[in-house]
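Chemist: Residue numbers (this note's numbering): 567 to 910.
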Amino acid sequence: MADEQEETPVAPPQPVLHTENVSSFLDLQTEFIKRRDAAIAGKSQSFATEPTHRRTPRNNILAISKEEKKAKSEVSTLRAQRIRQNEEAIRKEEQQRAKQQQILQQKAAIYERMAKGERLVYDDGKEAEFLVDFHAKKKELEEEARNKPSTSSETNGESRGEGATFTLESPLVVHYDYSEDKGRVFGASHVPLPTMDEEAREQKIKELIAMTEETHRKRAERKRQRNEEEAEERRRLNRVRERMGLEPIPSSEDEEEEEQKGAAEITESDVSAIPLPPSSPEAKTTKEPEQKKQRFGVREWDRGKIGCMRWAEEQRDEREDEFAPPSFYYGEENDGRGKKKRKN
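1. Please classify MET680: is it buried, with 16 or more other beta-carbons within 10 angstroms of its beta-carbon, or exposed?
2. Helix, strand or coil for VAL687? Go by DSSP, reduced to three states.
3. How is GLU813 classed by DSSP in three states: helix, strand or coil?
4. Ends of the alpha helix (DSSP H) at THR643?
5. Under three-state DSSP, which class holds GLU693?
6. Helix, strand or coil: how does DSSP classify ASP763 here?
7. Leaving out five residues before and five after LYS770 in sequence, what residues of the same chain have Cβ atoms less than 8 angstroms from its Cβ?
8. Give the DSSP-derived three-state secondary structure of VAL806 in the structure shown.
9. Since ARG802 and ILE815 should fall inside the 8 angstroms C-beta cutoff, what is the C-beta to C-beta distance between them, to a whole number of angstroms?
10. With DSSP as the reference, label ALA577 as helix, strand or coil.
11. How about ALA694 and LEU686: are their beta carbons less than 8 angstroms apart?
12. Pick helix, strand or coil for GLU886, following the three-state DSSP scheme.
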């Protein structure tokens with residue numbers, strides 16, 4: 567009863583394919599069999615061509631590939647080549663240095679023999695020629711050495727006999743020679759004057775004065791030419807401006823002064839022809855100190871100073887007397903406001 571009650575194992579039901587087109591199913595089965603056979607044939611052929619010792623897959627991280635090994639070998643080859651080249655260069659340099667050292671030693675030996683007075687000849691008996699005459703140089707040195715004690719003994723004898731002291735004049739030290747720099751133009755302060763010869767000194771001073779006058783003359787000539795060119799340019803521009811209906815450009819102060827001087831010279835020449843009555847000597851004496859100062863044009867660095875002084879005077883006028891500096895600060899001629907005192 568117990569055995570009957572035990573359940574018997576039941577096999578799983580097999581899948582059943584239901585199809586109406588049996589030919590397509592057969593074609594699929596045939597294609598599957600062909601591909602399976604082709605795969606088995608290719609696998610067997612690959613096993614036949616492969617070597618018996620198959621490489622296991624690489625698992626070591628320190629292993630290098632063929633490309634890395636090839637690159638490493640190329641780097642080592644280039645490094646060995648550079649080392650060989652450097653060694654060859656060092657060897658050549660050492661050989662060159664040794665050769666130069668040998669030549670210098672030979673020259674030193676030759677110079678030493680020539681300094682002793684020995685004549686050097688070649689194997690064929692011809693005397694060696696050099697650019698330096700060592701024999702003449704040696705004779706000059708020997709003569710100087712012989713002459714030095716004789717001159718010193720003569721001076722000592724004279725000093726002992728006459729009882730006078732002999733002092734050597736120290737040469738003048740030239741700290742700077744202006745003639746070394748040829749590219750610059752120097753003034754009178756750079757011209758050296760003779761110190762011992764008075765006539766030469768006066769002659770040099772006269773030359774400097776003449777050069778100064780020539781410089782002033784050339785400077786005035788250049789200024790006159792420049793003013794004429796500027797005046798001509800201004801006249802040309804004024805003609806153009808006149809045609810355009812514009813105002814003319816005013817002339818400069820220098821040209822006005824020259825025109826005034828020229829007009830004054832013309833008037834003086836015209837008036838000089840008129841005879842004047844004889845003047846008394848007292849009038850001459852009174853007129854002598856009243857000489858007009860030569861008037862120059864307003865210089866570039868003097869422009870604006872008049873207005874500055876006027877502003878300073880206005881500030882001093884506004885300042886209270888108790889804040890003014892002491893009177894002795896300005897002197898006797900000026901008062902505390904910076905103005906000159908009037909003499910009664």
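Where a beta carbon is used, it is the ideal one built from N, C-alpha and C, also for glycine.
Here the structure is a predicted model, which is why all the values come from computation and not from measurement.
Modeler: If we stick to the structure as given:
1. Here residue 680 refers to the residue found at position 114 of the sequence shown. So MET680 counts as buried.
2. If you number the sequence shown from 1, residue 687 lands on position 121. Reduced to three states, the DSSP call for VAL687 is strand.
3. Sequence index remark: in the sequence shown, residue 813 carries index 247 (1-based). Residue state, collapsed to three classes: coil.
4. The count along the sequence shown starts at 1 and reaches residue 643 at position 77. Its alpha helix (DSSP H) spans residues 632-681.
5. Residue 693 sits at position 127 when you count from the first residue of the sequence shown. Three-state DSSP puts GLU693 in a strand.
6. One-based indexing of the sequence shown puts residue 763 at position 197. ASP763 falls in the coil class under three-state DSSP.
7. Your numbering for residue 770 matches position 204 in the sequence shown. Hits under 8 angstroms: VAL757, LEU759 and PRO760.
8. Here residue 806 refers to the residue found at position 240 of the sequence shown. Looking at VAL806 - three-state DSSP - the assignment turns out to be helix.
9. Taking the sequence shown and counting its residues from 1, the one referred to as residue 802 is at position 236. Taking the sequence shown and counting its residues from 1, the one referred to as residue 815 is at position 249. About 10 angstroms separates the two Cβ atoms, so there is no contact after all.
10. Position 11 of the sequence shown, counted from the start, is the residue given in the question as residue 577. Coil, per DSSP.
11. As a working mapping, residue 694 is identified with position 128 in the sequence shown. As a working mapping, residue 686 is identified with position 120 in the sequence shown. Going by C-beta atoms, ALA694 is nearer than 8 angstroms to LEU686.
12. As a first step, residue 886 must be located in the sequence shown, where it is residue number 320. Correct three-state label for GLU886: coil.
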